[in-house]
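Notes for the one structure printed next.
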Amino acid sequence: MKKILINLGLLVLVVLALVAWTALPWFGVVALAVALASWMVLTRSGRQAGSVTAVGIGTLRQRLGSSSVIVIGIAGVVGVLVALLAMGQGFQATLQSGGRDDTAIVLRGGSVSEAQSVLTRDDIDAIEQAPGIARGSDGKPQASAELVVTASLHKKGSDDDANAQLRGVDDAAWALRPKLKIVAGRAFKPGLNELVVGQGARREFAGLDVGDEVKLGQQDWKVVGVFASGDAYDSELWADRQEVAAAYRRGNSAESVLVKLTGAAAFEPFKAALAVDPKLKVEADTTREFFARQSETLASTIHVVGITVGLIMAIGAVFGALNCMFAAVASRAREIATLRAIGFRGVPVVVSVMLETMLLALAGGLLGALLVWLVFDGYTASTLNGFSDVMFQFKVGAALIWMGLKWALAIGFVGGLFPAVRAARLPVTTALREL
Amino acid sequence: MKYFHLIWAALFRRKSRTFLTLVSIIAAFVLFGLLDSVRQAFDAGDSVAGAGRLIVNSRMSMQQPLPESLGARIAAVPGVSAVASANWFGGIYQDARNQVISFAVSPSYLDLYPELSLPADQRATWDKTRTGAVVGAALAKKYGWKIGDKIPLQSTIWLSRSSGSNTWTFDIVGIFHARDPHDVGREQMLMFHWKYFDENSAFGSGTVHWYVVKVADPARADAVAKAIDAVSANSDHETKAQTEQAFQASFIKQLVNIGLIVSAIMGAVFFTLLLLTGNTMMQAVRERTSELAVLKTIGFSSRSVLAMVLTEGVLMLLLGGVIGLALVSFIVPLIGAASGGMVPVHAVSGSTWSAGVLLMVLIGVVVGLPPAWRAMRLNIVDALSGR
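Sequence order for the protein chains is A and B.
Counting from 72, one number per residue, gives the positions in the first sequence under the working numbering.
Counting from 2, one number per residue, gives the positions in the second sequence under the working numbering.
Below you can see the structure in the form of structure tokens.
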């Protein structure tokens, strides 16, 4: 009865500790580590814990098999978790990094994405006259009406066709995206069937090198340049809007208008001016907001999947660690009982077993994070966004690695606690008599 | 088999250790069952039901419209038994987050989808009602729509001529069900008449987005697809005809390489599991060295000792694995229901079970073999004297 109550109490303690642990910021963890270290150096029982831990770690080599189970098990959990989350974050970062506060995108009211929007020539003219738009050196408003169509292209190294976005842009488009640079060849000339392609699209699809000709929408286009921008535009093909509209029979219409504002503060008046114009049924968003919304669903799905898979794996790893540490405690039962007999208290024993487990867990976490960082940081993948392929890179950042290490330590904590308590509560006499 | 109780007793010699190992094994196979079910759900693409149907859309892109008149010319292609058309409508209900999968379809569209059932009287009313729409049972339930309701849908693409905005009004005249009760994903659709769509749309008239073609002989589907593409070759609206499976597969392949992710995760999981159970088995046998020696002394052959230890490993994996997969059979229908048919999983398939059992036996043999080998080579005298 007493045993059951103690175990129940431990279980509650574990749950509380895990909840507190997930909420703990990095300086909390540092404070905890400092507190532990000073306790171990300054107090008598702390020094006892230190020496017992040293014995435990010294005998690790004799238990290489079971110690490596803990390390590799936790490395697996952290690796899979960090890799999945890195995929979600990489996708989100790619779509969002193009967003700015001083650039606005105007779509027809109710449209969720560019592909769903239609703006007529009159709409475009009216939008360009709205207040708050910055003017270029030629005195014209810096606005680019754009048209996005999906174009079917061959994927490299396979027989499949995939959809790429072909974006028709106005002259101001380059100034509106300061991060975008031509890295090979030159920009297209207005009025000609010329294309510039994003570096991601060039990698993904066949026949998009400078000088190549591709057939899109019944017309032949010449690839004249390659651009890099580090965001979702990298997956696109760009050409003159009038040419794209002609090839895809879109007349004078566009799908969106991108405008440069005089500053972030100019957005609200700009949006309000569009809203009160009775002829216009459009909605304006800053590009930051717009891009964030585009990536929301997929990124949160990946996040949920990552956490779920991580949790199931963590459960497996916790029980693996429990198993190994129970075995370790059992094999050292006589040694621990001897320590207790010559006057060591229970706390140092508990602390030493837990420290040992958590050190192994930390090693596992570091191993897993390191592997994922080596293999996946910057790894390029592609997925569908709307109807078209978008290329993105995995991002294994410090925050993710930190999170992985916190998971590893939590697994170590749970896996070490119960064996540690068992070790401390072992009746000295029976343990000494045991062979 | 007569030694079964002996093996069972050995397995549960240390209850807590076996229990802890079993939980790890269960966790690994729960993950395997879940991931494999999801992978299969996305791989499958309707196998039997979609046979014999082709999807014909513009070669330029999926959203590029085709002339409506092309339908009659496709119907004249030898081997084609029926043609229907559909348009994207891009409907949303009340809020931009409530996307409704909605198409404007030609009158015969439903005839090409025998897996959907609409009561004959409702079908007759729909044919007569210009602004009528039929909705899937799951969708109707989601928004509480009933027959006779007048509902407004916003289109994210099309302006309505009658309302002067993107709001379209429909009369719900029928509710269709999927014949296969697991196929709830198909009940998430709304369909209405192309004629109403075409007359009431402010622009883009006389066009459709894709044709569905039923071929008389599914075995000749590829040849018919080529013949259909030839109809519009070198015109300004070239088409691309492909089987429904190929159409769906190309979509999903682009979405994400699910197979690769699943195998990467499972590789990490099973590698860890191998180490973990291997270590436990090694420990278990080491502890029992003297017992095994006694068994040999009283006349058990080396080979039967090997077989017993090996069986113990396989038994442990089977026990944990079967419990794990059984758990998954409870979880999977919940996921299918919670996602509203978005993740079309409803049961753990036979192939998941057989792959799972194969893995259990394989891992059991791999982790059981080293300790079993050790037990077989055991020298009685050394073992009994504790050397």
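Every residue, glycine too, gets a C-beta built ideally from N, C-alpha and C.
Integer-rounded CB distance, given that V149(A) should sit under 8 Å from G377(A)
At roughly 12 Å, the Cβ-Cβ gap does not stay under 8 Å, so G377(A) and V149(A) are not in contact.
Any beta carbon of chain B sitting closer than 8 Å to that of V315(A)?
no
Got a sec: is the Cβ-Cβ distance from D96(B) to anything in chain A below 8 Å?
no
Does DSSP put R257(A) in a helix, a strand or coil?
Assignment of R257(A) by DSSP, reduced to helix, strand and coil, places it in the coil class.
Taking a Cβ distance cut-off of 7 Å, strictly less, list which residues of the stretch 317 to 340 of chain B are near chain A, in chain order.
Those residues of the stretch 317 to 340 of chain B that come within reach of chain A (Cβ to Cβ, closer than 7 Å) do not exist; the list is empty.
Cβ neighbour criterion (16 or more within 10 Å) applied to G414(A)
exposed
With three or more beta-carbon pairs closer than 8 Å as the criterion, would you say the stretch 311 to 327 of chain A touches the stretch 199 to 212 of chain A?
no
Does the stretch 223 to 233 of chain A touch the stretch 247 to 254 of chain A, meaning 3 or more C-beta pairs lie closer than 8 Å?
no
List the residues that DSSP assigns as beta-bridge partners of E354(A).
L178(A)
At least 3 beta-carbon pairs within less than 8 Å: the stretch 394 to 403 of chain A vs the stretch 7 to 26 of chain B:
yes
Please confirm if the stretch 182 to 197 of chain A is in contact with the stretch 164 to 173 of chain A, defined as three or more CB-CB distances below 8 Å between the two stretches.
no
From T281(B), T170(B), S264(B), A294(B), residue whose alpha carbon lies closest to that of G369(B):
T281(B)
Does Y319(A) come within less than 8 Å of chain B when only Cβ atoms are used?
Chain B contact via Cβ: present.
Starting from R522(A), trace the alpha helix (DSSP H) both ways and give me its first and last residue.
Outside the shown range of chain A (72 to 506) lies residue 522(A), about which nothing can therefore be said.
Per DSSP, what kind of secondary structure is L81(A) in: helix, strand or coil?
helix
Which residues does DSSP pair with Y1(B) in a beta bridge?
Nothing about residue 1(B) can be read from this structure; chain B reaches only from 2 to 388.
Say whether chain B places a C-beta atom closer than 8 Å to the C-beta of L393(A).
yes
Over what stretch of residues does the alpha helix (DSSP H) that includes I198(A) continue unbroken?
192 to 199
Quick one, are the C-beta atoms of S402(A) and A120(A) less than 8 Å apart?
no
Using 8 Å as the limit for Cβ to Cβ distance, is Q464(A) near chain B?
no
Proximal residues of chain B, C-beta to C-beta of Q289(A) below 7 Å:
D237
K297(B) classed as buried or exposed, judged by whether at least 16 other C-beta atoms fall within 10 angstroms:
buried
Looking at the strands, I want to know which residues DSSP matches up with F171(B).
Paired residues: I152(B).
Beta-carbon neighbours of I148(B), restricted to chain A and to distances below 8 Å
Per Cβ cutoff of 8 Å: no residues; I148(B) is ~27 Å from chain A at best.
Contact under 8 Å by Cβ, I229(B) with V57(B)
yes
Per DSSP, the bridge partner or partners of T244(B):
L55(B)
In the DSSP assignment, find the unbroken beta strand (DSSP E) run with W309(A) in it and report its ends.
DSSP places W309(A) inside the beta strand (DSSP E), whose first and last residues are 307 to 311.
E275(A) - containing alpha helix (DSSP H), residue span
270 to 275
Option in S103(B), A217(B), G337(B) with minimal Cα separation from G80(B)
A217(B)
Using the beta-carbon of each residue, which ones in chain A are nearer than 8 Å to N88(B)?
Residues of chain A whose Cβ lies closer than 8 Å to the Cβ of N88(B) do not exist; the shortest such Cβ separation is about 14 Å.
Is the CB of M396(A) under 8 Å away from at least one CB in chain B?
no
Compare the C-beta of N280(B) against all C-beta atoms of chain A and say whether one is closer than 8 Å.
yes
Beta-carbon separation (whole angstroms), Y304(A) vs V220(A), contact threshold 8 Å
That belief does not hold up - the Cβ atoms of Y304(A) and V220(A) are roughly 15 Å apart, past 8 Å.
Under the rule that 16 or more other beta-carbon atoms within 10 Å means buried, what is L511(A), buried or exposed?
Look at the range of chain A in this structure, 72 to 506, and you will see that residue 511(A) is not part of it.
Starting from the C-beta of N380(B), find all residues in its chain whose C-beta is less than 6 Å away, skip the five residues before and the five after it, and write them out in chain order.
none
Since F171(B) and A134(B) should fall inside the 8 Å C-beta cutoff, what is the C-beta to C-beta distance between them, to a whole number of angstroms?
4 Å
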